[in-house]
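Below: the structure, in structure tokens.
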């Protein structure tokens with residue numbers, strides 16, 4: 041587990057930015073989103089999937105992006121990397137990688153950075169590996185393409201890579217197909233694939249959602265270990281506050297395409313300002329509660345991203361909402377703690393905030409107000425295994441299946 | 002899955018179908034101009050086939066009465082009257098005939114009554130003219146009249162013979178799919194064996210062994226078409242006979258016949274009709290294939306296939322002769338294919354089901 | 326192991342289907358009017374057997390009666406060939422011949438007898454004036470047919486795969502729309518009509534020479550030039566079908582997560598399309614490709630007749646005209662075997678394409 045990234049030693053040809061003849065801009069963060077907006081034009085109108093997000097990631101740092109289904113967190117990570125390509129896509133703002141704007145880059149140019157400078161681990165290892173290709177080749181093809189390795193060099197490197205992500209007997213596994221591996225093993229393979237060419241930035245898009253609870257922690261630990269070892273920046277996208285709690289340096293909470301609260305992790309958990317974040321925290325079941333305690337759920341459903349509410353986007357579901365909330369969109373303001381910003385007129389714990397208000401009423405899950413097919417929030421069943429982390433905002437389809445780990 | 006709802010999820014690799022959903026809904030409501038052109042063409046073919054005997058068309062079997070004179074005109078470069086004189090032995094040489102014609106000599110009365118005014122338009126392999134709208138074939142027969150008469154064969158082979166195959170095959174499929182068990186085993190074994198055999202070869206064998214006639218061509222097509230319909234209707238029957246409404250009918254004590262024809266058949270009919278439209282097109286082509294092997298309707302009855310085969314013999318000198326029936330067959334097949342396609346789209350019949 | 330079992334099962338199915346098809350054609354050939362002995366007898370009589378000579382072990386006795394027409398087996402069914410002979414002698418000779426040929430045995434016995442010999446490659450002799458063994462005839466006709474079929478199949482794939490990939494990648498754009506329309510037209514274009522159009526364009530108008538088929542031994546270039554038009558005529562229709570199928574499947578595959586993952590690896594588009602998307606998208610194409618072997622055999626027969634290629638198609642049509650049952654029978658079995666073999670190969674190829682089937 042302690043070998044340094046194998047690919048970095050063997051690579052002789054120029055890759056990534058260097059291959060494009062670009063130098064990192066001194067002082068620029070690894071990745072910086074500046075007022076990123078990603079809209080989709082569909083028949084019914086414009087979907088504001090990501091609506092003015094500004095974030096920063098540096099090397100060796102983990103940024104957690106938390107939000108429920110439909111909050112735009114996956115679109116955010118994909119558009120930050122520049123993976124979205126569609127005729128009905130409209131993007132504005134800047135995504136600067138080491139100071140160079142990715143959005144302004146030609147597709148072909150940007151592609152040279154994928155795999156070598158930045159990589160992505162996807163949610164479902166069942167579908168993100170090519171079912172008809174040996175796992176070895178899925179790793180070696182980018183090594184051979186980007187780093188110009190020979191067949192045997194690439195194979196050696198892939199074996200080292202598989203070993204470093206904790207695949208037992210890699211000499212045997214390398215010639216197997218994805219369906220011959222368990223879910224957790226497959227996710228390890230996708231991580232090996234993503235890390236093959238030694239990227240400096242890793243997007244992990246719900247990397248554990250599709251996995252069995254018992255392996256979720258292992259995968260997160262693996263990601264964390266690799267990040268530290270390789271001095272990578274990581275963006276960890278999840279719907280689960282528990283996932284980011286121990287692993288992210290900074291956490292950004294997204295709601296309806298916007299960042300509603302961002303803070304260093306300890307500060308966020310210790311000093312919640314945004315009622316939405318608070319609601320998310322409440323929705324985590326506590327181990328010390330009696331086993332049949334009702335879970336706190338956030339009633340209602342995320343707003344329509346075609347016509348977002350004109351005031352605070354969370355106002356319709358916020359137990360503290362007042363008329364100002366419904367009419368004026370709150371700006372993202374810095375709190376007294378450096379690095380802690382939130383979007384709320386009446387932040388939790390402040391003078392004008394909830395202390396003046398009656399304690400939040402935790403409502404029973406309301407009879408489903410959502411029309412058929414619309415994303416909705418459902419309470420997950422009470423936990424059976426004590427170590428299981430469950431969030432109320434998780435969509436039922438995302439519930440981990442048993443991948444025979 | 003990603004967060005935003007399915008229709009807004011961007012395609013992974015450059016595909017842009019901005020509002021595919023609304024588009025198809027709009028398309029479904031209107032069938033489009035092309036569809037009505039296709040329907041119009043098929044209607045025209047059906048009209049020609051039905052009313053061919055009473056339409057004022059030229060003979061489909063006898064060459065233009067002026068064709069021999071036209072040939073003489075073309076060969077010697079003389080006038081029509083001169084050709085009549087020469088062909089009826091009124092002159093010893095073409096030149097003499099021309100001189101006699103110029104002098105005002107009249108050809109024999111019977112030749113004038115048979116062909117009052119010979120022109121080059123009457124020669125064999127002629128291009129279209131007012132006399133022959135689509136020209137003449139290599140025997141000097143009117144191509145237009147033969148095309149219209151050929152439509153009759155095309156429709157008998159296509160609509161009728163395939164129709165018989167459809168009824169037979171659907172019955173087999175319904176019975177096999179409904180009763181299951183040994184009945185199904187025996188029937189489907191035969192169907193599979195029949196399907197395991199190249200259709201055209203089977204049709205060739207049937208026509209060759211039974212002899213060349215319109216009836217035998219139709220019989221061959223009907224036999225060849227049957228197993229496909231049987232397999233299709235069986236698979237639909239299998240799915241529908243497990244549905245609640247069939248169960249309900251069974252519980253109510255409905256007879257097998259009633260369940261098969263009242264409950265299952267209406268549901269099986271849709272894919273069967275979609276397949277029928279496709280099969281008609283295939284059958285029209287198959288007739289052409291048989292014609293090339295000399296196994297379609299016996300001459301002088303015209304069919305599009307035999308016309309193509311006839312024209313193929315003179316393709317180097319007069320490609321137009323073979324072009325006309327080829328185009329007619331192509332357009333007809335195209336029309337049936339198009340109607341079938343739209344039908345499937347309209348009623349959402351899966352292509353895989355066929 | 327599982328693959329081996331699958332192949333074994335498929336082979337059993339192959340054997341079963343070939344037996345069923347050959348028996349059915351046997352039945353068909355022997356139940357129809359037109360006694361094969363009559364053909365032989367007629368040939369013999371027409372070439373004139375003098376009175377008193379020995380025909381098939383029987384003395385031809387002219388006797389006092391004038392020659393008359395006798396229908397074999399007393400049938401007057403349409404298509405029956407009448408044999409001209411003398412008094413009752415003909416009937417006796419016919420029966421003797423039927424006995425000699427084993428035609429008086431029950432059909433099943435005849436079939437078993439025939440099949441027993443066929444397994445060893447002996448398909449009998451033709452019913453000709455000068456009987457010839459069947460197999461050499463077929464062996465001689467096989468190469469041009471196989472060549473034409475293989476060229477047409479390969480050509481159809483060469484055309485359809487790149488166009489299918491392209492159309493899927495450019496879904497709903499101009500290139501895709503043009504291809505969709507073109508493939509619709511070509512599906513409706515019968516192959517002999519396409520051949521006619523090609524002859525008119527290239528031979529009649531542009532003056533290219535369409536010569537009679539020459540085998541490989543006379544030069545590969547010459548050989549290919551004689552097959553160019555029939556091969557293209559056979560392949561374009563199939564290619565259109567394959568292009569459509571591949572496009573549909575490929576559009577679905579391109580929505581898969583592993584394609585997004587391959588993009589995130591920074592691979593160029595063409596590589597993603599060919600290495601990642603093509604294989605999982607080719608199952609429908611493969612299925613129809615297997616089924617199409619039957620259609621292709623039919624098309625090849627027509628092309629052989631149109632272009633005077635002395636292959637299997639020409640041989641079977643010729644044999645049908647002269648009611649040469651042993652040849653017809655042999656070819657029919659051969660075609661059935663090829664067809665079923667193609668389907669088995671398709672099954673095997675599935676597991677090559679998809680490792681999940683192999684391990685399932």
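Residue numbers (the working numbering), protein chains in the order written: chain L, 41 to 445; chain D, 2 to 355; chain Z, 326 to 685. For every residue, glycine included, the Cβ atom is placed at its ideal position computed from N, Cα and C. In this text, all values refer to a predicted model and were calculated from it rather than measured experimentally.
Task: Simplified DSSP state of residue 154 of chain L, which is helix, strand or coil - done: It is a strand residue.
TODO: Find the residues of chain L that neighbour residue 601 of chain Z, judging by a C-beta separation of less than 8 Å, and give them in chain order.
DONE: Taking a Cβ-Cβ threshold of 8 Å, the residues of chain L close to residue 601 of chain Z are 170 and 173, in chain order.
Task: For residue 279 of chain L and residue 246 of chain L, believed in contact at Cβ under 8 Å, the rounded distance - done: 7 Å between Cβ atoms; contact.
- [ ] Could you tell me which chain D residues have their CB closer than 7 Å to the CB of residue 352 of chain Z, listed as they occur along the chain?
- [x] For residue 352 of chain Z, there are no C-beta contacts with chain D under 7 Å, since the nearest C-beta of that chain is about 12 Å from it.
- [ ] For chain D, find out if any of its Cβ atoms is closer than 8 Å to the Cβ of residue 675 of chain Z; answer yes or no.
- [x] The beta-carbon of residue 675 of chain Z is placed no less than 8 Å from the nearest beta-carbon of chain D.
Task: Entirely enclosed beta strand (DSSP E) segments - the stretch 45-126 of chain D, minimum 3 residues - done: Those beta strand (DSSP E) runs which fall completely within the stretch 45-126 of chain D and span 3+ residues do not exist here.
Open item on the list: Counting only Cβ-Cβ distances shorter than 7 Å, please list the residues of the stretch 623-637 of chain Z near chain D, keeping chain order.
Closed with: Legend: CB atoms of the stretch 623-637 of chain Z lying less than 7 Å from CB atoms of chain D belong to residues 623, 626, 627, 630 and 631.
Open item on the list: Taking the beta carbon of residue 646 of chain Z as the centre, do at least 16 other beta carbons fall within 10 Å, making it buried, or is it exposed?
Closed with: Around the beta carbon of residue 646 of chain Z, fewer than 16 other beta carbons lie within 10 angstroms, which makes this residue exposed.
Task: C-beta neighbour in chain D for residue 667 of chain Z, strict 8 Å - done: Cβ-Cβ to chain D under 8 Å: no for residue 667 of chain Z.
Open item on the list: Less than 8 Å between CB atoms is the rule here; does residue 527 of chain Z satisfy it with respect to chain D?
Closed with: Not a single C-beta of chain D is nearer than 8 Å to the C-beta of residue 527 of chain Z.
Task: Limits of the alpha helix (DSSP H) - the one that residue 230 of chain D falls within - done: From DSSP, the alpha helix (DSSP H) with residue 230 of chain D extends over 215-241.
- [ ] Answer yes or no: do residue 127 of chain L and residue 142 of chain L have a C-beta to C-beta separation smaller than 8 Å?
- [x] For the pair residue 127 of chain L and residue 142 of chain L, the CB atoms are not nearer than the 8 Å cut-off.
Task: Alpha-carbon to alpha-carbon, residue 66 of chain D and residue 58 of chain D - done: Whole-angstrom Cα-Cα distance: 14 Å.
Task: DSSP three-state assignment for residue 96 of chain L, whether helix, strand or coil - done: Note: residue 96 of chain L maps to strand in three-state DSSP.
TODO: Under 9 Å between beta-carbons, which chain Z residues line up against residue 167 of chain D? List them in chain order, please.
DONE: Correct list: empty, because the minimum Cβ distance to chain Z is about 20 Å.
- [ ] Assign residue 307 of chain D to buried or exposed, taking buried as 16 or more other Cβ atoms, counted over all protein chains shown, within 10 Å of its Cβ.
- [x] Of the other Cβ atoms in all chains shown, 16 or more fall within 10 Å of the Cβ of residue 307 of chain D; this residue is therefore buried.
Open item on the list: Using a 10 Å radius around the Cβ and a threshold of 16 neighbouring Cβ atoms, would you call residue 159 of chain D buried or exposed?
Closed with: With 16 or more other CB atoms across the displayed protein chains lying within 10 angstroms of its CB, residue 159 of chain D is buried.
- [ ] Note down the Cα distance separating residue 369 of chain L from residue 350 of chain L, rounded to an integer number of angstroms.
- [x] For the pair residue 369 of chain L and residue 350 of chain L, the Cα-to-Cα distance works out to about 6 Å.
Open item on the list: Under DSSP, the alpha helix (DSSP H) around residue 162 of chain L begins and ends at which residues?
Closed with: Where residue 162 of chain L is concerned, there is no enclosing alpha helix (DSSP H), given that its DSSP letter is neither H nor E.
Open item on the list: Beta carbons nearer than 7 Å to chain Z: which residues of the stretch 329-341 of chain D have them?
Closed with: Contact annotation: in the stretch 329-341 of chain D, residues whose CB is within less than 7 Å of a CB in chain Z are 330, 331, 334, 335 and 338.
TODO: Report yes if the CB atom of residue 576 of chain Z is closer than 8 Å to the CB atom of residue 584 of chain Z, and no otherwise.
DONE: Residue 576 of chain Z places its beta carbon 8 Å or farther from that of residue 584 of chain Z.
Task: Beta-carbon proximity of residue 226 of chain D to residue 289 of chain D, cut-off 8 Å - done: Going by C-beta atoms, residue 226 of chain D is not nearer than 8 Å to residue 289 of chain D.
Task: Under 8 Å between C-beta atoms of residue 468 of chain Z and residue 540 of chain Z - done: If you check the CB distance, residue 468 of chain Z and residue 540 of chain Z come in under 8 Å.
Task: residue 185 of chain L versus residue 137 of chain L - alpha carbon distance - done: Our two residues, residue 185 of chain L and residue 137 of chain L, have alpha carbons roughly 22 Å apart in a direct line.
- [ ] Could you confirm whether any beta carbon from chain Z is found closer than 8 Å to the beta carbon of residue 162 of chain L?
- [x] Taking Cβ atoms only, chain Z reaches closer than 8 Å to residue 162 of chain L, which makes this a yes.
Open item on the list: Below 8 Å on the Cβ atoms is my contact criterion, and I expect residue 491 of chain Z with residue 634 of chain Z to pass it. Report the Cβ-Cβ distance as a whole number of Å.
Closed with: Their Cβ separation, rounded to whole angstroms, is 33 Å, which puts residue 491 of chain Z and residue 634 of chain Z out of contact at 8 Å.
Open item on the list: Given 7 Å as the limit, tell me if residue 61 of chain L has its C-beta closer than that to any heavy atom belonging to the ligand ATP.
Closed with: The ligand ATP is absent from the structure shown, which contains no ligands of any kind.
Open item on the list: Taking the alpha carbon of residue 130 of chain D as the reference point, which residue from D:245, D:310 and D:145 has its own alpha carbon closest?
Closed with: Of the listed residues, the one whose Cα sits closest to residue 130 of chain D is D:145.
Task: Three-state class that DSSP yields for residue 292 of chain L in the structure shown - done: In the structure shown, the three-state DSSP call for residue 292 of chain L is strand.
Open item on the list: Counting beta carbon pairs with one atom in the stretch 372-380 of chain L and one in the stretch 301-315 of chain L, are three or more of them shorter than 8 Å?
Closed with: With the cut-off at 8 Å, the stretch 301-315 of chain L and the stretch 372-380 of chain L touch.
Open item on the list: Looking at residue 294 of chain L: is its Cβ nearer than 8 Å to the Cβ of residue 124 of chain L?
Closed with: No.
Task: Helix, strand or coil at residue 386 of chain L [DSSP, three-state] - done: Here residue 386 of chain L carries a coil assignment [DSSP, helix/strand/coil].
Open item on the list: Give me the residue from D:265, D:251 and D:102 with the minimum Cα distance to residue 236 of chain D.
Closed with: With distances taken between Cα atoms, residue 236 of chain D lies closest to D:265.
TODO: Kindly indicate which three-state DSSP category residue 404 of chain Z falls into: helix, strand or coil?
DONE: Model confidence at residue 404 of chain Z stands at a pLDDT of 30, short of 50, so the residue's coordinates are unreliable; what they give is reported in the following sentence. Looking at residue 404 of chain Z - three-state DSSP - the assignment turns out to be coil, as it is neither helix nor strand.
Open item on the list: If we define contact as Cβ-Cβ less than 8 Å, is residue 591 of chain Z a contact residue for chain L?
Closed with: By this cut-off, residue 591 of chain Z is an interface position.
Open item on the list: According to DSSP, residue 85 of chain L sits in a beta bridge with which residue or residues?
Closed with: According to DSSP, which records beta bridges pairwise, residue 85 of chain L is partnered with L:82.
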